[in-house]
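The working numbering puts the first residue of the sequence shown at 415, with every later residue one more than the last.
We put the CB at the ideal spot given by N, CA and C, even for glycine.
I have placed the structure first, in the form of structure tokens, so that the comments after it can refer back to it.
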Amino acid sequence: MSASNMQSIPTIPFPDQRPGTSGLRKKTRVFMQPHYLENFVQAIFDTVREEPGVDFARETLIIGGDGRYYNRTAIQRLVRLAAANGFGRVLVGRGGLLSTPAMSAVIRRHGALGGLVLSASHNPGGLEADFGVKYNIRNGGPAPERLTEHIYRRTLALTHYVTLTHPDLDLDRLGQYSVGSTQVLVFDSLSDYTALMEELFDFEAVRQLFRRGFQMCFDAMHGVTGPYARELLEQRLGAPVGTVIRGTPLEDFGGAHPDPNLVHAAELVARLHAPDAPDFGAACDGDGDRNLILGRQCFVSPGDSLAIIAEHAPHCIPGYRAGLAGVARSMPTSTAVDRVAAAGGLPCYETPTGWKFFGNLLDAGRCTLCGEESFGTGSNHLREKDGLWAVLCWLSILATTGKSVAEVLQAHWQRFGRSYFQRHDYEALDAQVAADMITALRDKLPTLVDTDLAGSRVTCADDFSYTDPVDGSVSTHQGLRILLADGSRLVCRLSGTGTEGATLRLYVERYRTDGGQAAVDAVLAPLVQAAVQLLELRERCGRETATVIT
Ligand code: VG1
Ligand code: CO
415 MSASNMQSIP
425 TIPFPDQRPG
435 TSGLRKKTRV
445 FMQPHYLENF
455 VQAIFDTVRE
465 EPGVDFARET
475 LIIGGDGRYY
485 NRTAIQRLVR
495 LAAANGFGRV
505 LVGRGGLLST
515 PAMSAVIRRH
525 GALGGLVLSA
535 SHNPGGLEAD
545 FGVKYNIRNG
555 GPAPERLTEH
565 IYRRTLALTH
575 YVTLTHPDLD
585 LDRLGQYSVG
595 STQVLVFDSL
605 SDYTALMEEL
615 FDFEAVRQLF
625 RRGFQMCFDA
635 MHGVTGPYAR
645 ELLEQRLGAP
655 VGTVIRGTPL
665 EDFGGAHPDP
675 NLVHAAELVA
685 RLHAPDAPDF
695 GAACDGDGDR
705 NLILGRQCFV
715 SPGDSLAIIA
725 EHAPHCIPGY
735 RAGLAGVARS
745 MPTSTAVDRV
755 AAAGGLPCYE
765 TPTGWKFFGN
775 LLDAGRCTLC
785 GEESFGTGSN
795 HLREKDGLWA
805 VLCWLSILAT
815 TGKSVAEVLQ
825 AHWQRFGRSY
835 FQRHDYEALD
845 AQVAADMITA
855 LRDKLPTLVD
865 TDLAGSRVTC
875 ADDFSYTDPV
885 DGSVSTHQGL
895 RILLADGSRL
905 VCRLSGTGTE
915 GATLRLYVER
925 YRTDGGQAAV
935 DAVLAPLVQA
945 AVQLLELRER
955 CGRETATVIT
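Have a look at this one:
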């Protein structure tokens, strides 16, 4: 590379580049400020370069995003930054696209050092919406907390970043370029991921299901999964063309919120409630790691979905025929999977919120399946949650059992009982007011033990902290939890992915062995009321009702 081509650009630190639950998320305009993106990614490079055995010249970096506004511009700039930093190879997904799970698959299959996912996940996209950058490590999973903290500290000390001059690449055509001394490949975003799915699942069994006239509707929400879903469902599994709706990735997700839940996927939910509803409905978020599972007139809550996949995977999915090593769920996630684990004599781990906490358990072979209440499910096939994988799990379960979604759910509740579960989000709260509210409840926790609450007795009230059983690292302040004698739980924490003020997440769960037919709202109302009172939500935040209930 000619030395004159290289540029060392003086910069000053931005004080707000601390990654949250899943990468750095900000308003798009914040990311568009001069140097903002480069500073953050230079800090990532500086940090990982120091790790033992890393020589960039011999390493591969993967770059791709969910297609949101600013994705393409950011990619062009990051290719130049990566080349100036001396990476041997850079692989860029065609069209600048790579779903989060595909990124994980590509890192693992190509033995890459890591990857940059340009996404704010389920947050809206556009000039006035959100953008984000996540860094994934060699195992294909999100950077662990220790690394993100180092990166953050590095952002605060940054004085320069390096880049070089090079014309923009044609991202829409497969091709090879020399950028400085770096070999850059625009590669097929679909092939590694689809190959992995073919290895795990019995595609012929699912093809037969569609041949028998089984109908489904998949909503890609104009996020990155459209091309993956068309290839897998319509091309390889023989679902009719038109099964995938909103399948074209759009920079603003068509103006919608690409968050697959009952509120934001309302159109899909309505289809599944129509008289001529298909048998099965599913959706994924902007970057493809979340999933929503629907049956005809029924919704599978994410905690139940994890439990049901754990119950059926060894019998229905070739990739899990050898059985499960264990299961894991984030702390706020319902305890439904715990009962499946107990019945099968499997270890069950409870981690803080965020997929990065599953990485060590998966790497150590301690668990096979993991999930979060936030519509995230996944397994040891990757180190990310995986939306389409969950859809294929359900298709496999339906194909093998011959049951409808509702029948699968009912059978599960009959056998294991039901964890009635809801999450209430109170968005755009004043950040200081919200922080004070959590502190006040934390201080109150010791006085709650042994008192009566929502018709039961408090057996434990604490601020969740987690010691990773593999590397011994400790993560504190991971959410306040109040456990009741009847198995109910109440959990509160502040979101780490928002870009405006604070979001309070209130999680409520009540366990019942009633066949599962009761109305969720009614079962949970006393717990919600108790939480609202304990938090003094009305008094402190002036809020009567949640912004979103999922
Ligand atoms: C939320 C969810 C969490 C999930 C995270 C990233 O975090 O609660 O379970 O792992 O989003 O998901 P928080 O801190 O806002 O509660 V995604 O699809 O944005 O990568
Ligand atoms: Co996501």
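Taking 8 Å as the line, does the beta carbon of residue i fall inside it for any heavy atom of ligand 1?
{"i": "D701", "result": "yes"}
{"i": "R907", "result": "yes"}
{"i": "N675", "result": "no"}
{"i": "N537", "result": "yes"}
{"i": "S518", "result": "no"}
{"i": "E764", "result": "no"}
{"i": "E787", "result": "yes"}
{"i": "R919", "result": "yes"}
{"i": "G555", "result": "no"}
{"i": "W769", "result": "yes"}
{"i": "T911", "result": "yes"}
{"i": "G467", "result": "no"}
{"i": "G790", "result": "yes"}
{"i": "K548", "result": "yes"}
Since residue i and residue j should fall inside the 8 Å C-beta cutoff, what is the C-beta to C-beta distance between them, to a whole number of angstroms?
{"i": "L706", "j": "A679", "result": "6 Å"}
{"i": "R710", "j": "A697", "result": "Actually they do not touch by this definition, with Cβ atoms about 16 Å apart."}
{"i": "A734", "j": "A742", "result": "Inspection of the sequence shows that residue 734 is occupied by Tyr rather than by Ala. The pair is not a contact, with the Cβ atoms about 15 Å apart (cut-off 8 Å)."}
{"i": "G539", "j": "L475", "result": "With a Cβ gap of about 24 Å, G539 and L475 do not count as contacting."}
{"i": "F615", "j": "S902", "result": "Between S902 and F615 the Cβ distance is about 36 Å, and since that is not below 8 Å, they are no contact."}
{"i": "I477", "j": "V520", "result": "With a Cβ gap of about 10 Å, I477 and V520 do not count as contacting."}
{"i": "K799", "j": "R907", "result": "Actually they are not in contact, since the Cβ atoms of K799 and R907 sit about 18 Å apart, beyond 8 Å."}
{"i": "P641", "j": "L511", "result": "7 Å"}
{"i": "Y840", "j": "R957", "result": "5 Å"}
{"i": "L572", "j": "N453", "result": "6 Å"}
{"i": "V754", "j": "F830", "result": "7 Å"}
{"i": "I723", "j": "T791", "result": "6 Å"}
{"i": "S788", "j": "H574", "result": "No, S788 and H574 are not in contact; Cβ-Cβ is about 38 Å, not under 8 Å."}
{"i": "R832", "j": "G930", "result": "4 Å"}
To which residues does DSSP link residue i through a beta bridge?
{"i": "S422", "result": "V576"}
{"i": "G437", "result": "G434"}
{"i": "L495", "result": "The partner list for L495 (beta bridge, DSSP) is empty, contrary to what the question assumes."}
{"i": "A945", "result": "According to DSSP, A945 bridges with nothing at all."}
{"i": "N453", "result": "N453 pairs with nothing; no bridge assigned."}
{"i": "S793", "result": "L783"}
{"i": "E923", "result": "F835 and R903"}
{"i": "N705", "result": "C698"}
{"i": "C712", "result": "G709"}
{"i": "L918", "result": "Y840 and L908"}
{"i": "Q590", "result": "L599"}
{"i": "T474", "result": "R503"}
{"i": "G479", "result": "L511 and L532"}
{"i": "V444", "result": "Paired residues: none, contrary to the question."}
{"i": "R895", "result": "D876 and V905"}
{"i": "V934", "result": "Bridge partners of V934: none, in fact."}
{"i": "V962", "result": "D839"}
{"i": "S889", "result": "Y880"}
Under 8 Å from any heavy atom of ligand 2, does the C-beta of residue i make it?
{"i": "S436", "result": "yes"}
{"i": "T514", "result": "yes"}
{"i": "R797", "result": "no"}
{"i": "R704", "result": "yes"}
{"i": "S719", "result": "no"}
{"i": "S595", "result": "no"}
{"i": "S744", "result": "no"}
{"i": "S422", "result": "no"}
{"i": "S870", "result": "no"}
{"i": "S818", "result": "no"}
{"i": "S810", "result": "no"}
{"i": "S902", "result": "no"}
{"i": "S533", "result": "yes"}
Note to self: Could you tell me which whole beta strand (DSSP E) segments of length 3 or greater appear in the segment 832-887?
What the structure shows: You should have 832-843 and 870-877.
Note to self: Could you tell me which whole alpha helix (DSSP H) segments of length 4 or greater appear in the segment 727-775?
What the structure shows: 750-758
Note to self: As an exercise, report each continuous alpha helix (DSSP H) stretch of at least 4 residues that is fully enclosed by the segment 615-689, in chain order.
What the structure shows: 617-625, 639-643 and 680-687
Notebook entry, point to check: Can you give, in chain order, each stretch of the alpha helix (DSSP H) that sits fully within the segment 510-585 and has at least 4 residues?
Noted result: If we require 4 residues or more, the alpha helix (DSSP H) runs fully inside the segment 510-585 come out as 514-524 and 559-569.
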